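Residue numbers (the working numbering): 213 to 298.
See structure below.
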Amino acid sequence: MIAPGFVGSELIPEPMRPMGMPVDEFAAIILPQMLTGEAYVVSHGYNQVRIDERQQEIADAYQKSAPRREGDERYDVALLLKSLGH
(Lines of atoms letter the chains of each structure in order from A and count residues from 1; the text may use other names and numbers.)
(Lines give C-alpha, C1' and ligand atoms only; values in the text may rest on other atoms or scores of the structure.)
Protein backbone atom coordinates (compact mmCIF):
# COMPACT_ATOMS: atom_id res chain seq x y z
CA MET A 1 0.00 0.00 0.00
CA ILE A 2 1.42 3.36 -0.97
CA ALA A 3 0.47 6.08 1.50
CA PRO A 4 1.68 9.32 -0.07
CA GLY A 5 1.30 12.85 1.09
CA PHE A 6 0.90 15.80 -1.23
CA VAL A 7 2.98 15.23 -4.37
CA GLY A 8 3.35 17.83 -7.10
CA SER A 9 2.32 15.43 -9.84
CA GLU A 10 -0.01 15.71 -12.80
CA LEU A 11 -2.77 14.32 -10.60
CA ILE A 12 -3.27 17.75 -9.04
CA PRO A 13 -4.03 21.10 -10.71
CA GLU A 14 -0.94 22.75 -12.16
CA PRO A 15 -1.12 25.89 -9.96
CA MET A 16 -0.92 23.68 -6.85
CA ARG A 17 1.98 21.47 -7.97
CA PRO A 18 4.76 23.66 -6.52
CA MET A 19 3.23 23.15 -3.06
CA GLY A 20 3.69 19.37 -3.25
CA MET A 21 6.77 17.23 -2.85
CA PRO A 22 8.65 17.10 -6.16
CA VAL A 23 7.91 13.90 -8.06
CA ASP A 24 11.59 12.93 -8.31
CA GLU A 25 12.02 13.30 -4.54
CA PHE A 26 8.88 11.22 -3.97
CA ALA A 27 10.13 8.52 -6.33
CA ALA A 28 13.54 8.43 -4.64
CA ILE A 29 11.83 7.82 -1.30
CA ILE A 30 9.30 5.19 -2.34
CA LEU A 31 11.18 3.20 -4.97
CA PRO A 32 13.61 1.51 -2.54
CA GLN A 33 10.68 0.56 -0.32
CA MET A 34 8.83 -0.95 -3.26
CA LEU A 35 11.90 -2.87 -4.42
CA THR A 36 12.35 -4.45 -0.98
CA GLY A 37 8.67 -5.40 -0.83
CA GLU A 38 7.61 -3.18 2.05
CA ALA A 39 3.95 -3.70 2.91
CA TYR A 40 3.49 0.01 3.62
CA VAL A 41 5.30 2.43 1.33
CA VAL A 42 5.47 5.88 2.91
CA SER A 43 6.94 9.21 1.89
CA HIS A 44 5.84 12.19 3.95
CA GLY A 45 7.06 11.98 7.56
CA TYR A 46 4.59 14.54 8.87
CA ASN A 47 1.76 12.17 7.94
CA GLN A 48 2.61 10.36 11.19
CA VAL A 49 1.05 13.30 13.06
CA ARG A 50 -2.24 12.79 11.20
CA ILE A 51 -2.06 9.02 11.65
CA ASP A 52 -1.58 9.44 15.40
CA GLU A 53 -4.59 11.78 15.55
CA ARG A 54 -6.77 9.34 13.63
CA GLN A 55 -5.57 6.36 15.67
CA GLN A 56 -6.50 8.20 18.86
CA GLU A 57 -9.96 8.98 17.47
CA ILE A 58 -10.44 5.30 16.63
CA ALA A 59 -9.26 4.23 20.09
CA ASP A 60 -11.64 6.74 21.69
CA ALA A 61 -14.55 5.39 19.61
CA TYR A 62 -13.78 1.82 20.71
CA GLN A 63 -13.54 2.89 24.34
CA LYS A 64 -16.89 4.67 24.08
CA SER A 65 -18.88 2.22 21.97
CA ALA A 66 -17.12 -1.14 22.02
CA PRO A 67 -14.90 -1.41 25.10
CA ARG A 68 -13.02 -4.65 25.73
CA ARG A 69 -15.09 -7.23 27.60
CA GLU A 70 -14.41 -10.67 29.01
CA GLY A 71 -14.42 -13.19 26.17
CA ASP A 72 -14.62 -10.66 23.35
CA GLU A 73 -11.69 -12.34 21.61
CA ARG A 74 -14.07 -15.08 20.46
CA TYR A 75 -15.05 -12.81 17.56
CA ASP A 76 -11.49 -11.93 16.51
CA VAL A 77 -10.99 -12.89 12.86
CA ALA A 78 -7.27 -13.71 13.21
CA LEU A 79 -7.91 -15.99 16.19
CA LEU A 80 -10.83 -17.68 14.44
CA LEU A 81 -8.72 -18.38 11.35
CA LYS A 82 -5.89 -19.69 13.52
CA SER A 83 -8.30 -22.08 15.24
CA LEU A 84 -9.28 -23.38 11.80
CA GLY A 85 -5.66 -24.03 10.94
CA HIS A 86 -5.18 -21.07 8.59
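Where a beta carbon is used, it is the ideal one built from N, C-alpha and C, also for glycine.
Here the structure is a predicted model, which is why all the values come from computation and not from measurement.
Can the beta-carbon of residue i be found closer than 9 Å to that of residue j?
| i | j | result |
| --- | --- | --- |
| residue 277 | residue 219 | no |
| residue 233 | residue 249 | no |
| residue 270 | residue 246 | no |
| residue 291 | residue 282 | no |
| residue 253 | residue 263 | no |
Bridge partners for residue i per DSSP, in chain order?
| i | result |
| --- | --- |
| residue 215 | 254 |
| residue 233 | 219 |
How many angstroms separate the CA atom of residue i from the CA atom of residue j?
| i | j | result |
| --- | --- | --- |
| residue 268 | residue 258 | 16 Å |
| residue 293 | residue 230 | 48 Å |
| residue 228 | residue 279 | 43 Å |
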